[in-house]
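Participant: Sharing a structure here in structure tokens format.
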Amino acid sequence: MKKVLFILTALLVISCSPDDSPSYHYVILPVETFEVPETVQTGQIYQIKVSYKRPTTCHVFEGFYYDMYFEFRTIGVQNIVVDRNDCIDTDPDEEAIVKSFDFSPTEFAPYTYIFRFYKGKDEQGNNIFEEVEIPVE
38 MKKVLFILTA
48 LLVISCSPDD
58 SPSYHYVILP
68 VETFEVPETV
78 QTGQIYQIKV
88 SYKRPTTCHV
98 FEGFYYDMYF
108 EFRTIGVQNI
118 VVDRNDCIDT
128 DPDEEAIVKS
138 FDFSPTEFAP
148 YTYIFRFYKG
158 KDEQGNNIFE
168 EVEIPVE
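Heads up, the sequence shown is in this note's numbering, so the first residue is 38 and it goes up one at a time.
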């Protein structure tokens, strides 16, 4: 019985120890600029270039937020933000970071793809998107 009580006490003490792992969260950043083809063809691969600015030195590129819904493609820049006290705000005049991803229209492609690039939020907190239509030839 003493062994069981000892093990339970040890587990309780261990489970209460502080978590030393880094704390972070994800954010979607606005797209500054983008480059898309004027038209696309099924079976081809196209590179979509996107630029963005990171707000602090604690923002790290993690990939793209990419959502598909019928002919719509919604895109934003996903960053990990490391929760630290020594983050430094970046210079707003600093050159934007350019990243890219591949896009390949499927054989069941619609007549037109509509890309919606996330541009931030308005005064009411609503998402703002810039849309561009890309016809499929």
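Positions of the beta carbon are idealized from the N, C-alpha and C atoms, including for glycine.
1. Quick one: any contact between the region 143-157 and the region 88-100, if contact means 3 or more CB pairs under 8 Å?
2. Tell me, please, which residues DSSP counts as bridged to residue 107.
3. When the distance is taken between beta carbons, is residue 158 closer than 9 Å to residue 127?
4. I need the DSSP call for residue 76, collapsed to helix, strand or coil.
5. Note down the Cα distance separating residue 147 from residue 138, rounded to an integer number of angstroms.
6. Where does residue 126 fall in DSSP's three states?
7. Does the region 59-76 come close enough to the region 159-173 that 3 or more CB-CB pairs lie under 8 Å?
Facilitator: With the structure as the only source:
1. Verdict: no, contact absent.
2. Its beta-bridge partners do not exist; DSSP assigns none.
3. No Cβ-Cβ contact shorter than 9 Å links residue 127 with residue 158.
4. In this structure, residue 76 counts as coil in the three-state DSSP scheme.
5. Approximately 20 Å, taken between the alpha carbons.
6. Three-state result, residue 126: strand.
7. With the cut-off at 8 Å, the region 159-173 and the region 59-76 touch.
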